[in-house]
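Number of protein chains: 2
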Amino acid sequence: MEKQDVDRTLSLMWRRALGVPQGSRGPRQRFSVDEVIRAGIAVADEEGLPAFSMRKVADRLGLKLMSIYTYVPSRDELIGLMVDDVMGEAELPPHRGDWRERLTVVARQMWDEFHRHPWLLQVEQSRPWIGPNGSDRWEWQLTAIEGAGFTDLEMDQVITLISDFTMASARADVAARRAAEQSGISDAEWWAVNAPVLDRVMPPGAYPISGRVGTTAGEEYNAVRDSERSFRFGLDRILDGIDHLLASRPRAGG
Amino acid sequence: MEKQDVDRTLSLMWRRALGVPQGSRGPRQRFSVDEVIRAGIAVADEEGLPAFSMRKVADRLGLKLMSIYTYVPSRDELIGLMVDDVMGEAELPPHRGDWRERLTVVARQMWDEFHRHPWLLQVEQSRPWIGPNGSDRWEWQLTAIEGAGFTDLEMDQVITLISDFTMASARADVAARRAAEQSGISDAEWWAVNAPVLDRVMPPGAYPISGRVGTTAGEEYNAVRDSERSFRFGLDRILDGIDHLLASRPRAGG
DNA sequence: CCTAACTCCGTATGCTGCACGGTATTTCGG
DNA sequence: CCGAAATACCGTGCAGCATACGGAGTTAGG
C-alpha cells in the first residue's frame, strides 16, 4: 500500500468534512463515491466478502471494471470505506440508566450490526482506518462509562473487552447460520454422515465429559449451538466481572 | 461440498484410529497424507492463509499441482486437516490448582497457539470438522472445570466464553503485529500521514473523551494498543464474573 | 484555442481452484 | 502368467480474480 493511497483514502473517509473538491478538468464522474460504496455494501451483503469483487461492484453500477479504480484506489480501500459507512447506520442515542444497561446497549448494537452485515466479520484490516463514523461511535461507547469510576486506561480496556467478546460471539453465530444455509447440507444430513464414522472411530468412553455435556447442551439448545444464548451468558459474566472491579475499590464519586 | 467428500475427509481426520487402508492397486503414493498436511502447515505459517495455495503445497513436496488432489479432496478440506493437526501440538497436561488457574491455562494455551499459527484466525470454517485432536482438547478443557459446581450447560457456556474471548483478543493482537511488519508502513509513518488529515478534519473538541482516553492509553502502552495487557485484563474480568456466578448459589459439593 | 487533466475502458499479466482426460504403474482375478 | 481394473501423477483448459498500462474521448483553465 502506498502512502499516497493512505492519504487519498483518508480524504475519502472524511469527504463530508472536507467538502466538495474544487472543479477540475476532464469529464465529470458518472457516480459519486457514496454510490460506489453503497454498491459495494450491497454486493457484500448479498454475497459475502469472499465473493465480493471489483467487477461485481462495477456491474451493479453499469460501469466497466477498471472505471472503479478512478473512484477508489483499490479493493482494500473500498472495503475500508464500506466499513466506516456501515458504522454510520446505527443511531448513537443519549445514554440512559446505569453503566451496566449502557454497556448492554453498546454490545447489542454491535451484535445487531454484525448480523445486518455479516461480511464485517470477514474484513481483515491490517490497520484500522480512522473514519468519522468509527470515531463517533468510539466516543459514544466511551461516553457510556464516563464517570462510572474507571481509570482512563480501564475505560479503554472495558470497551475493548466488550467489543472483542461481542465480535467473537457474533462470528460464531454467523458462521453457524451460514453453514446451515449455504453449504447445501443440513444439520441432520451432516450428522447422518458424521455419526457412522465417529461411532466407528471414537473409542467408547474416550470422551465421557464432552459426551455428557454435549448431549445436555444439544437437548437444551435444540441445536448444536445456541449462540444468542451463549452471547447473553458471556455478557452477563463479563458485566459481573466489571462490577466486581468497581466494587473492590473505594468509591471516588457518587 | 459433496457428501462423499465429508466422509472422505472425516476418514482422513481419524486416519490413525482407522489404521492403514488395505493395499490397493495402482502405484503407491510418493508421500503420506501427514506429509501433505505438514507441508500445508509450513506454507500457511510462512505466508498466511490468503497466500496459501495448492500449488505452493505441491511445489514444497516436489509434486505437480494436480497430484495434491489425490491426497485431499480440496483446499478447504486440506485446511480442515491442518487445523486438527495443529491442535495436536499442544500438550494436554493433567489439571492442577483450582478452576481459576485451570481456565487460565486453557486460555493461555489457545492464545499461544494462535500466535504460533496465526493463520488459524483466518480459517473460515462453515461447519467445524470433528477431528481427534480437537475432540481431545474439548474433553480436556471441560475436564478443567468438571466438579467446580457448574451445570452441564454452564460448562459448555464457560468454555465457549473463554474460547471466544481468547480468539478475539488474539485476532486483534495478530492483526496489529501484521500491520506493523508487512504493510511496509511503520506506526510512525502511519501517523505521520494520518495526523495532518485528521487535524484538518476532526472538529476541535468533537472527541473529548476518546482524545483523553486515547492519549492515556497510548502513553501507558507505548503503542496504540497493548493486546497482551488487554487480554489479561479481559480474562481477569471474565474469571471474576464466573466466580460471582459460582458464589451466588448454594454450594453442592466441597 | 490548445493543452493538461481527467474519465472510462480494452487489453494483458499473473495469480487462483479445480474439472477432465491421458499415461504409466501396480495389483487382483482368473 | 495374462488381462483388466484401479490408482498416481500430471498436462491442459476454464473461469475467475486484482490491477498495471495505455489509448480515446471529454472538459476546463490559461
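Line by line, the protein sequences give chains A and B.
Position 206 of the first sequence, counted from 1, bears residue number 198 in the working numbering, the numbering being contiguous throughout.
Position 112 of the second sequence, counted from 1, bears residue number 104 in the working numbering, the numbering being contiguous throughout.
From the three backbone atoms N, C-alpha and C, an ideal C-beta is built for every residue, glycine too.
None of the values given here were measured: they were computed from a predicted structure.
**OP:** Starting from the Cα of A/P110, find the closest Cα among A/S240, A/L41 and A/V150 and give me that residue.
**Re:** For the purposes of this step, residue 110 of chain A is taken as residue 118 along the first sequence, with counting starting at 1. When only C-alpha atoms are compared, the closest one is A/L41.
Subject >> CB contact check: B/T199 to chain A, cutoff 8 Å >> reply: Indexing the second sequence from 1 puts residue 199 of chain B at position 207. Note that residue 199 of chain B corresponds to Tyr in the displayed sequence, not to Thr. Yes, B/Y199 lies at the interface with chain A (some Cβ there is under 8 Å from its Cβ).
**OP:** Using the Cα positions of B/R74 and B/I29, report the straight-line distance between them to the nearest angstrom.
**Re:** Within the second sequence, the letter at position 82 stands for residue 74 of chain B. Within the second sequence, the letter at position 37 stands for residue 29 of chain B. A small correction: the amino acid at residue 74 of chain B is Met; Arg does not occupy that position in the sequence shown. Straight-line Cα distance between these residues: approximately 6 Å.
Original post:
Among residues of its own chain, excluding the 5 on either side of A/A82, which ones have a beta-carbon nearer than 7 Å to its beta-carbon?
Top reply: Numbered from 1 along the first sequence, position 90 holds the residue referred to as residue 82 of chain A. Q101 and E105, listed in sequence order.
**OP:** Identify the continuous alpha helix (DSSP H) that holds B/R92 and give its terminal residues.
**Re:** Within the second sequence, numbered from 1, the residue matching residue 92 of chain B stands at position 100. Boundaries of the alpha helix (DSSP H) harbouring B/R92: W91 to R108, taken from the DSSP string.
Original post:
Can B/P251 and B/D76 be called in contact, C-beta distance under 8 Å?
Top reply: Nothing in the structure corresponds to residue 251 of chain B, since chain B is present only between -7 and 246.
Original post:
For chain A, is any of its Cβ atoms less than 8 Å away from the one on B/A289?
Top reply: Beyond the ends of chain B as shown, which are -7 and 246, falls residue 289 of chain B; an answer cannot be given.
Original post:
Does DSSP put B/M5 in a helix, in a strand, or in coil?
Top reply: As a working mapping, residue 5 of chain B is identified with position 13 in the second sequence. Helix.
**OP:** Give every residue of the same chain whose Cβ lies closer than 8 Å to the Cβ of A/I230, excluding the five residues on either side of it in the sequence, and list them in chain order.
**Re:** The residue labelled residue 230 of chain A in the question sits at position 238 within the first sequence. Excluding its 5 nearest sequence neighbours in each direction, A/I230 has C-beta neighbours in its own chain below 8 Å: L153, I154 and F157, listed in chain order.
**OP:** Within its chain, find whatever has a CB closer than 7 Å to the CB of B/V35; leave out the 5 residues flanking it on each side and keep chain order.
**Re:** Residue 35 of chain B sits at position 43 when you count from the first residue of the second sequence. The residues are F44, K48, V49 and R52.
Subject >> CB contact check: B/N186 to chain A, cutoff 8 Å >> reply: The sequence position of residue 186 of chain B within the second sequence is 194, counting from 1. Closer than 8 Å to some Cβ of chain A, the Cβ of B/N186 qualifies, so yes.
**OP:** Would you give the residue range spanned by the alpha helix (DSSP H) that B/Q117 belongs to?
**Re:** Here residue 117 of chain B refers to the residue found at position 125 when the second sequence is read from its first residue. Note, B/Q117: premise wrong, no alpha helix (DSSP H); not H, not E.
Original post:
Hey, A/A168 and A/R94: beta-carbon distance below 8 Å or not?
Top reply: Residue mapping note: residue 168 of chain A aligns to position 176 of the first sequence, counting from 1. Residue mapping note: residue 94 of chain A aligns to position 102 of the first sequence, counting from 1. Their beta carbons are not under 8 Å apart, which means A/A168 does not touch A/R94 by this criterion.
Original post:
Interface residues of chain B around A/D(-1) at Cβ under 8 Å?
Top reply: Your numbering for residue -1 of chain A matches position 7 in the first sequence. Within 8 Å Cβ-Cβ: V185 and V189.
Original post:
Would you say B/H107 reaches chain A, if we count a Cβ-Cβ gap shorter than 8 Å as a contact?
Top reply: One-based indexing of the second sequence puts residue 107 of chain B at position 115. With respect to chain A, the C-beta atom of B/H107 has no partner C-beta closer than 8 Å.
Subject >> Helix, strand or coil at B/N125 [DSSP, three-state] >> reply: Position 133 of the second sequence, counted from the first residue, corresponds to residue 125 of chain B. Three-state result, B/N125: helix.
**OP:** Within the same chain, show all residues whose beta-carbon is closer than 6 Å to that of B/L227, passing over the 5 residues directly before and after it, in chain order.
**Re:** Stepping through the second sequence from its first residue, residue 227 of chain B is reached at position 235. A99.
Original post:
Below 8 Å, can you find three or more Cβ-Cβ pairs linking the segment 186 to 199 of chain B to the segment 133 to 149 of chain B?
Top reply: At 8 Å Cβ cutoff, the stretches do not touch.
**OP:** Could you work out which residues of chain A lie near B/V64, taking near to mean beta carbons separated by less than 9 Å?
**Re:** The residue given as residue 64 of chain B occupies position 72 in the second sequence. The premise fails here: B/V64 is roughly 16 Å from chain A at the closest Cβ pair, so nothing lies under 9 Å.
Original post:
Under 8 Å, do B/V205 and A/D148 count as touching if we go by C-beta distance?
Top reply: As a working note, residue 205 of chain B is residue 213 in the second sequence. As a working note, residue 148 of chain A is residue 156 in the first sequence. With respect to the 8 Å criterion, B/V205 and A/D148 are classified as neighbours on the basis of their beta carbons.
**OP:** Give the DSSP-derived three-state secondary structure of B/H87 in the structure shown.
**Re:** Here residue 87 of chain B refers to the residue found at position 95 of the second sequence. Three-state result, B/H87: coil.
Original post:
What residue from A/Y213, A/E220 and A/R170 has the CA that sits closest to B/E116's CA?
Top reply: Numbered from its first residue, the second sequence carries residue 116 of chain B at position 124. Nearest C-alpha to B/E116: A/R170.
Original post:
Do the CB positions of B/G141 and B/L55 come within less than 8 Å of each other?
Top reply: In the second sequence, counting from the first residue as 1, residue 141 of chain B sits at position 149. In the second sequence, counting from the first residue as 1, residue 55 of chain B sits at position 63. Judged by beta-carbon spacing, B/L55 lies beyond the 8 Å limit of B/G141, meaning their Cβ atoms are not closer than that value.
Original post:
For A/S161, does the count of other Cβ atoms within 10 angstroms reach 16, so buried, or fall short, so exposed?
Top reply: One-based indexing of the first sequence puts residue 161 of chain A at position 169. With 16 or more other Cβ atoms within 10 Å, it is buried.
**OP:** In angstroms with no decimal places, state the Cα-to-Cα distance between A/A187 and B/Q(-4).
**Re:** The residue labelled residue 187 of chain A in the question sits at position 195 within the first sequence. The residue labelled residue -4 of chain B in the question sits at position 4 within the second sequence. Roughly 14 Å separates the two Cα atoms.
Original post:
By the criterion of Cβ-Cβ separation under 9 Å, what are the contact partners of A/T96 in chain B?
Top reply: Here residue 96 of chain A corresponds to residue number 104 of the first sequence, with the count starting at 1. For A/T96, no chain B residue has a C-beta closer than 9 Å to its own C-beta; the minimum C-beta separation is roughly 14 Å.
Original post:
So, are the CB atoms of A/I234 and A/V150 less than 8 Å apart?
Top reply: By 1-based counting over the first sequence, the position of residue 234 of chain A is 242. By 1-based counting over the first sequence, the position of residue 150 of chain A is 158. Yes, the Cβ-Cβ distance between A/I234 and A/V150 is below 8 Å.
Original post:
Hey, A/H236 and B/D37 are a contact pair by Cβ (cut 8 Å); roughly how many whole angstroms apart?
Top reply: Here the question's residue 236 of chain A lines up with position 244 in the first sequence. Here the question's residue 37 of chain B lines up with position 45 in the second sequence. No, A/H236 and B/D37 are not in contact; Cβ-Cβ is about 39 Å, not under 8 Å.
**OP:** Output, in chain order, the set of chain B residues within a Cβ distance shorter than 8 Å of A/I247.
**Re:** Missing from the structure shown is residue 247 of chain A; chain A here goes from -7 to 246 and no further.
Original post:
Which two residues bound the contiguous alpha helix (DSSP H) that contains A/S57?
Top reply: The sequence position of residue 57 of chain A within the first sequence is 65, counting from 1. Reading the sequence as shown, one finds Leu at residue 57 of chain A and not Ser. No residue range can be given for A/L57, since it is assigned to no alpha helix (DSSP H) and is classified by DSSP as neither H nor E.
Original post:
For A/A209 versus B/L145, is the C-beta distance shorter than 8 Å?
Top reply: Counting from one through the first sequence, the residue named residue 209 of chain A turns up at place 217. Counting from one through the second sequence, the residue named residue 145 of chain B turns up at place 153. For A/A209 and B/L145, yes; Cβs fall inside 8 Å.
Original post:
Going by the beta-carbon positions, is the gap between A/M(-7) and A/W121 smaller than 8 Å?
Top reply: Taking the first residue of the first sequence as 1, we reach residue -7 of chain A at position 1. Taking the first residue of the first sequence as 1, we reach residue 121 of chain A at position 129. With contacts defined as CB atoms closer than 8 Å, A/M(-7) and A/W121 fail to qualify as a contacting pair.
Original post:
A/Q149 touches chain B at which residues, Cβ-Cβ below 9 Å?
Top reply: In the first sequence, counting from the first residue as 1, residue 149 of chain A sits at position 157. Within chain B, the residues whose beta carbon sits less than 9 Å from that of A/Q149 are A209, R221, S222, F225, G226 and R229, listed in sequence order.
Original post:
Looking only at its own chain, which residues have a Cβ that is under 8 Å from the Cβ of B/P197, when we skip the five neighbours before and after it?
Top reply: One-based indexing of the second sequence puts residue 197 of chain B at position 205. In the sequence as presented, Pro is not what sits at residue 197 of chain B; that position holds Gly. Excluding sequence positions up to five before and after B/G197, its CB lies less than 8 Å from no other CB in the same chain.
Subject >> Pairwise C-alpha distance: A/S118 and B/W183 >> reply: What you label residue 183 of chain B is simply residue 191 of the second sequence in a count that begins at 1. What you label residue 118 of chain A is simply residue 126 of the first sequence in a count that begins at 1. Each residue's alpha carbon lies about 14 Å from the other.
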